[in-house]
Amino acid sequence: MINMFSEMDFLLYDEYEDEEAEDRSFDSKLRNDVVRQVSNDARSRKSINAVDVNSRNANGNTALMLAVRSRDLGTCQFLLEQGANPNVLRSQSSMVTALSMANKLYNTQFIRSLLRHGAHFSCSQGLEVLEKAVSCSMYNDIITGETKLSQIKSRQNFETALIVANRHGREDLVTRLIQNKVSLGLSLMHTDSLDLIRKIISAGTDVNFTDFSGRTALHKAALSGRLDIVQLLVEAKAHIDAVDQEGNTPLLLSIPNSKETISYFIGKSCNINCVNSKGEAPLFKLVKYGFLEQIKELLKKGVYINCVNSSRENALHMAIKEDKYEIAECLIENKIDVNILTFDGLSALLLAIDKGSDIFVNLLLKAGADVNCKDSRGNCALIKAISVNYKLARNDSEKLKNIKIAEALIKAGAEVNCIDSDSIPAIGSLLRK
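Written as structure tokens, this is what we have:
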């Protein structure tokens with residue numbers, strides 16, 4: 001049975017009521033009906049539809065909020081067990097959650113239950129609730145809830161109790177939370193406060209703590225480009241080559257977020273030949289984003305220059321695709337294989353021809369690219385320039401560029417008697433242009 005509101009209850013919750021009268025539209029009626037049904041089912045201990053359990057009525061209240069407001073602890077706990085999200089906001093502009101409402105109750109069991117099921121303190125009156133939780137030693141409840149939250153991908157970006165206390169400058173709360181080892185690993189991963197990180201490390205926390213995705217605090221710092229945090233963690237013996245579930249190391253995640261951080265990792269002799277599950281190596285990512293100086297640093301460290309991705313492209317293919325001429329020059333100077341073929345049968349030269357890039361073609365020819373290489377369809381470089389690509393040219397300028405490419409290929413020794421798909425020799429195709 002629902003506990004009836006007293007006059008005092010209405011006074012306590014008056015601040016949560018909408019300023020405007022309840023919308024009586026058909027949509028609002030439907031919303032009210034859904035929440036009412038969820039509340040009735042919860043009181044009867046019937047299974048709740050997962051789609052409806054977090055629905056809000058016209059006033060923004062979920063069934064969980066209504067259970068808290070009516071001081072119905074049993075229904076509150078049942079809804080939480082059925083998957084009710086304790087962090088749903090009453091509205092997009094409101095920071096009021098079920099935990100905000102529980103702060104008004106004398107029975108702290110509501111707070112305990114909500115915290116155990118992942119309610120966090122980044123809400124209206126969150127600091128007050130945190131003070132109450134610490135004074136009542138609800139440390140295990142906080143740890144249980146924050147651990148649950150960290151395992152739900154859609155809810156992982158939250159502030160832990162320790163981060164909230166630190167953000168509000170509450171050293172007393174920070175000290176007690178650290179002393180009681182409350183989610184120190186999670187806080188280390190989620191905070192961007194250098195001072196708090198130092199305190200967490202000083203408390204003996206494992207700096208290599210991993211989240212559900214296998215990432216460490218060093219991964220997170222690298223991803224955000226925070227060189228100061230990266231340096232602090234490495235000095236604290238964080239594994240510099242830690243690998244997450246997608247095969248990413250901190251170096252891979254630092255690209256392209258911070259050139260300084262990238263250079264720091266390279267200088268620390270991390271694994272510069274690592275490859276993630278997408279086939280990305282540091283060299284590939286640096287080429288893609290045009291970081292020439294960091295590429296030179298990798299080359300000085302002896303990076304394997306002829307690594308290939310899942311399409312069997314090497315870094316030179318990538319430089320051509322991304323129009324990075326200076327990087328292509330640098331790679332060629334460092335003896336990259338200019339003739340390696342992708343799974344589609346494309347050499348760097350064939351790729352440059354497909355792009356209609358005479359400057360890349362000339363660069364590759366000077367580097368000794370195989371002028372008679374063929375793609376997977378049997379088309380040689382000259383045929384691609386004067387037949388296939390000429391037909392695809394959108395204007396006279398592109399056609400002229402293909403003719404210039406053909407001339408450069410012939411000068412470099414291209415076989416003029418190779419035939420196209422219509423059995424017409426390359427020289428014949430050229431004469432018809």
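Okay, so the sequence shown: first residue is 1 according to UniProt numbering, each after it adds one.
Glycine included, every Cβ here is placed at the ideal spot set by N, Cα and C.
Bounding residues of the alpha helix (DSSP H) (the contiguous stretch that carries residue i)
i, result
"residue 134", "126–135"
"residue 326", "325–333"
"residue 353", "348–354"
"residue 26", "26–43"
"residue 362", "358–366"
"residue 140", "139–150"
"residue 195", "194–202"
"residue 76", "73–81"
"residue 245", "Unbroken run through residue 245: none, as it is neither H nor E."
"residue 228", "227–235"
"residue 266", "259–267"
"residue 101", "98–102"
"residue 120", "Careful: residue 120 lies outside any alpha helix (DSSP H) and carries neither H nor E."
"residue 52", "Where residue 52 is concerned, there is no enclosing alpha helix (DSSP H), given that its DSSP letter is neither H nor E."
"residue 285", "282–289"
"residue 186", "184–190"
"residue 441", "The displayed coordinates of the chain run from 1 to 433. Any statement about residue 441 would go beyond what the structure contains."
"residue 293", "292–300"
"residue 164", "161–167"
"residue 65", "63–69"
"residue 206", "No alpha helix (DSSP H) contains residue 206, which DSSP labels as neither H nor E."
"residue 92", "Segment: none, residue 92 is in no alpha helix (DSSP H) and carries neither H nor E."
"residue 172", "171–179"
"residue 217", "217–223"
Straight-line Cα distance separating residue j from residue i
i, j, result
"residue 102", "residue 229", "37 Å"
"residue 354", "residue 117", "57 Å"
"residue 22", "residue 318", "In this prediction, residue 22 has a pLDDT of 47, which is less than 50 and means its spatial position is unreliable; what the coordinates show is noted afterwards. In a straight line, the C-alpha of residue 22 is about 59 Å away from that of residue 318."
"residue 191", "residue 201", "13 Å"
"residue 210", "residue 152", "14 Å"
"residue 95", "residue 158", "14 Å"
"residue 136", "residue 207", "29 Å"
"residue 199", "residue 325", "47 Å"
"residue 431", "residue 371", "Summary for residue 431: the model assigns pLDDT 44, below 50, so the residue's position carries little reliability, and this model does not support an answer."
"residue 164", "residue 122", "7 Å"
"residue 412", "residue 294", "33 Å"
"residue 27", "residue 107", "35 Å"
"residue 315", "residue 248", "18 Å"
"residue 279", "residue 332", "22 Å"
"residue 10", "residue 93", "The predicted position of residue 10 is uncertain, since its pLDDT is 36 and thus under 50; no value can be drawn from it."
"residue 76", "residue 64", "6 Å"
"residue 213", "residue 221", "15 Å"
"residue 74", "residue 46", "13 Å"
"residue 287", "residue 188", "32 Å"
"residue 246", "residue 88", "30 Å"
"residue 148", "residue 261", "32 Å"
"residue 81", "residue 42", "10 Å"
"residue 85", "residue 56", "12 Å"
"residue 289", "residue 256", "7 Å"
"residue 253", "residue 302", "20 Å"
"residue 99", "residue 140", "17 Å"
"residue 40", "residue 30", "15 Å"
"residue 35", "residue 59", "11 Å"
"residue 259", "residue 363", "28 Å"
"residue 129", "residue 142", "12 Å"
Residue of the options minimising C-alpha distance to residue i
i, options, result
"residue 120", "144, 304, 136", "144"
"residue 375", "386, 173, 349", "349"
"residue 168", "362, 139, 126", "126"
"residue 401", "414, 415, 386, 410", "386"
"residue 72", "49, 113, 140", "113"
"residue 69", "111, 307, 142", "111"
"residue 410", "377, 361, 233, 378", "361"
"residue 264", "231, 283, 356, 257", "231"
"residue 347", "238, 166, 133, 313", "313"
"residue 345", "367, 311, 364", "311"
"residue 109", "166, 292, 215, 133", "133"
"residue 300", "284, 334, 285", "334"
"residue 277", "296, 258, 308", "308"
"residue 181", "97, 195, 284, 160", "160"
Cross-strand partners of residue i (DSSP beta bridge)
i, result
"residue 374", "380"
Practice prompt. Indicate whether the contact test is met: 3 or more Cβ pairs, each with one atom in the segment 268–275 and one in the segment 220–228, closer than 8 Å.
Written response: no
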